[in-house]
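Presented below is the structure to which this report refers.
Chains as they are written, first to last, in the working numbering: chain A, 1 to 360; chain B, 361 to 865; chain C, 866 to 1171.
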């Protein structure tokens, strides 16, 4: 008979160890899954985790880590603030799309003007778009007590339809021979989020992600607002007693996570992706939820988790082309990671011990 | 020699770090009212949970009428005639009385039959109850009746009652005792758990006294003085708090015409509350739980906003101010619920010191936190109030109830409030800690702080307050000087016997 | 544009079909939430049910076996939720999200070889004479059996919650798990049963989409129905018959907007397509003022310490 015993206080050691244990468990069970799919598990895991970093074409893949990791980290940092306070924005995908639409729209409005201020305007517009989309559930929650989980998620589907609509209408490339999709921002220099150092993968979005990590770290550890965020998540009643205004906290947490997701979308559309198109979004907004939890809602943890998740994306693509591993297998692999993390998190707050037999 | 109804032999139960029960043995005779006496944390609850099948003993045996008795679960205990009325009621607010009772029975009859049996039993024992009322709308006393009737419907041989009078007005206590005496005369045994000595002397035939998990003595309460029992229970002579004579100053807190709806569904709205508290005065507010105590604290702390003029601090209207602004002015509060309201369980004591201390102790600058100063503030509380903990980096929930209570009260006291409002300052706290908390409150008043002490412990209120008022269904009685108040008068201020009009017109 | 093309009888009949996946998933989630558990993994369980049902009915040729497999598939996935929330005591919101993310990936993986395949048809019930009654016949008596199962399930859940002891215990656990534990009820066991039931219902709902409503398999084909089902439970104030009403209301909106698209109304397709989601938000706003009927222990983790 096994019993759980609550620790007098959370174990520090386990809170660092659980993500690692979860990654290891995912490798084992992921390997098992790959084996069932008829692939060599060792080779598959090796390809995913080794090839992008140290393989033959690492010079190509390493920059890609930054490109894939930046939006994940940027979004996950925003989400983690809300998650810590028990405010569940799970519609980052929609906010990401709206950021991209607003950002690209702002840039394209100036086309073909050449000016230094166009890109900064796009940054502001992108953040605004995401903020706007996240503020809808925030306002509804504050004003009517509406569940933010459901509203933010519903707005993802609405944003996807908006994306389709602007790809076919408002932002459609007039010189695009009738194909859906906007002009390519990569070929519009004033609006292009180009690599800062050629071939490094380093673009403004990566810079923004690092700034967000530092910002979140200072906020949570050194600032009253961050303390209030943590307090609200730990004990909402105590937070109210401490003088936290729940409505303002909801507006702040959802707003900032929306703005960061919007920024991520804007940097993506003006850089790596280049254009607004129907299939512009690839699920970063949802994967970022995994990143946020895997990083234990801690800014530095999220940075590491974002890197790891980017690795599985790129490694997954390599495994797809080299080993014929289905794309969905990587999705399952990422889902498993979250599962194991949540399961092993038990060890942070509880001790497991074998109890004497129940018959006394 | 007759065989006792229930015989306990060497019951032992240990939890990590604490032995809740250590070799406890005693007998309960047929038709006997047996008291189990002890302080908070003496192991009374664990012991009865073993009898009721909720907890399994590590060692030791029980015998029911001479036969081995080891209930694996409450269901089995109930089948053997053991029934229990819980201290924190095991009731379901959103369900009605009949449904609640059905849940506590093995083979409940159909709802219609059950309802008529509930009426029948409730009339026989003088406990009127409507089977179809929603339990969440009942008063504390009525809720207890639901539990008692649930037990009586099963014709129990042994009825366990855990601190039954803590939620009753004095008049309701009388009615309960009538019911219990009637049960005794019908041959039902009762295991009566309490730390209130006078009650035990009035009601019980035998008493077993527990201290720190051990059986430290037995007595016949009617032949033993309350003082002797108290010393067996506590293990040492107790100090009563000292009250120095003092002058009352000008009015510090003035509440007038205060009415607010409750923020929670089954809460109590405050209706037209008036009170004034002067500098150096301790106003005690009594009343049965659930009559608006939480709401009153929320209104005074600033968690529940009201119209500006309803609350005045030294003449300034503060009804619309939030908790932080009120702290800045000097109005501090300490809520009843330690874990989750007064303190965040998983946060360190340092962080919990910051929780209310940031404004008055200057623990932040432009929103940025000063952790070093915060840590010293936490250390100051720990030292001044003798909080037993390895250090301020420990989580609040790692502390015992008494120690955490000393911490949260100390946190407010050390900030030199002009007005301090406390709710249940010594609830679930051992006698020594309770005494030191009461002393701290009195010392604060002596320095000129206006104190409002909300409590359900009438002895405590009589001990520390200068004037007394009672909350009853959200209304506050007019405060009266404590000296010279009789128990009957207090009982009437608390609303007499709730919902007993049918039986006692 | 020709609104005359829209046949009201067919509209109502197809409304019932569109509503059934929602109804099945929502009635299952209602039971789960009544037991005090918030499982946000409905979408994931539905999509896994959709592919399990699809694959098995294609392989065996029997849609019936498909539905059985879908229920099992949904329940097995919900077992992961059980492990996380009831044994590992993980946060229910995070665990539900994990279930959905995992379910979407897992179904895509399982469904690779089934894209573009046509499943065997279940066939509608046909009762001579009754099914031929004009208007009423096609609306009420000419559907597939699962649609009737959905309605029957609503009635059963309603009656069980209201009149049976099991229902009473389930509600008690959802109201106050500590009190239920003190009375000796097995809180975890009851919750596990409820979660598995919810998983099976969601699985059936998913399979209804892939086997009857569409019928074919595409990745992510549940397209938010699971989430709408969650909203529906709130909309219905945790009352079974109101779930039915809500499901038919949403079914109606979905069918109407599809019909309007087909009829070539001058509103762009995208705006019509987003209307069910917008209306869900609107309904949530209107109804979220009244939270009183929510089970009091909803979403709280239970751990019997002593």
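Think of the CB as a built atom: it goes at the ideal place given N, C-alpha and C, for glycine as much as any other residue.
Around residue 224(A), the beta-carbon contacts reaching into chain B at under 8 Å are 718, 724, 727, 728 and 729. In the structure shown, the three-state DSSP call for residue 694(B) is strand. Ranked by Cα distance from residue 83(A), the options 233(A), 114(A) and 91(A) are led by 233(A). Boundaries of the beta strand (DSSP E) around residue 578(B): 574-579. Residue 972(C) places its beta carbon less than 7 Å from that of residue 913(C).
Ranked by how close their Cα comes to the Cα of residue 719(B), the residues 454(B), 771(B), 836(B) and 464(B) have 771(B) in first place. CA-to-CA, the gap between residue 498(B) and residue 529(B) works out to about 15 Å.
Contacts between residue 345(A) and chain C, judged by CB atoms closer than 8 Å, involve 953 and 955 in chain order.
Of the candidates 1033(C), 891(C), 880(C) and 1066(C), 1066(C) places its Cα closest to the Cα of residue 936(C). Interface with chain C (7 Å Cβ-Cβ cutoff): residue 157(A) is included. The secondary-structure analysis by DSSP pairs residue 841(B) across a beta bridge with 827(B). What residue 1014(C) touches in chain B, judged by beta-carbon distance under 9 Å, is nothing: the nearest beta carbon there is about 29 Å away. The C-beta of residue 334(A) has 16 or more other C-beta atoms within 10 Å across all chains shown, which makes the residue buried. Within the segment 85-99 of chain A, 86, 88 and 90 place their CB atoms closer than 9 Å to a CB of chain C, listed in sequence order. Contact of residue 331(A) with chain C is assigned, a C-beta pair being separated by under 7 Å. According to the DSSP assignment, residue 456(B) belongs to no beta strand (DSSP E), since it is labelled neither H nor E. Of all residues in the segment 140-156 of chain A, only 140, 141, 143, 144, 145, 146, 147, 149, 150, 151, 153, 154, 155 and 156 come within less than 9 Å of chain C when Cβ atoms are compared, listed by chain position. For residue 234(A), at least one C-beta of chain B is nearer than 7 Å to its own C-beta.
Shortest Cα-Cα distance from residue 673(B) to any of 664(B), 665(B), 660(B) and 684(B) involves 660(B). Using a 10 angstroms sphere on the CB of residue 654(B), the tally of other CB atoms reaches 16 or more, which defines it as buried.
Under the 10 Å beta carbon count, residue 732(B) is surrounded by fewer than 16 other beta carbons and is classified as exposed.
Using a Cβ-Cβ distance cut-off of 8 Å, the segment 366-384 of chain B and the segment 564-578 of chain B are in contact, since at least three pairs of beta carbons, one from each stretch, lie closer than that value. Assigned with DSSP and collapsed to three states, residue 822(B) falls in helix. Closest in C-alpha terms to residue 706(B), from the list 757(B), 417(B) and 421(B), comes 757(B). The beta-carbon of residue 1049(C) is placed less than 7 Å from the nearest beta-carbon of chain B. When C-beta atoms of the segment 293-310 of chain A are compared with those of the segment 205-222 of chain A, three or more pairs fall below 8 Å, so the two segments count as touching. Chain-order list of chain A residues neighbouring residue 1116(C): empty, with the shortest C-beta distance near 17 Å, by a criterion of under 7 Å.
Chain order gives the chain B residues near residue 1161(C) as 453 and 454, where near means a beta carbon separation below 7 Å.
Just so you know, the alpha carbons of residue 953(C) and residue 342(A) end up roughly 8 Å apart.
Going by C-alpha positions, residue 8(A) is about 18 Å away from residue 742(B).
In the DSSP assignment, residue 345(A) falls outside any beta strand (DSSP E), carrying neither H nor E. Against residue 403(B), chain C offers no close residue; the least beta-carbon distance is about 12 Å (beta-carbon pairs closer than 8 Å).
One finds nothing in chain A with a Cβ atom closer than 8 Å to the Cβ of residue 465(B); even the nearest lies about 25 Å away. Around residue 1089(C), the beta-carbon contacts reaching into chain A at under 9 Å are 153, 154, 156 and 157. Any Cβ of chain B closer than 7 Å to the Cβ of residue 1044(C) would place that residue at the interface, and such an atom is present. Any Cβ of chain C closer than 7 Å to the Cβ of residue 335(A) would place that residue at the interface, and such an atom is present.
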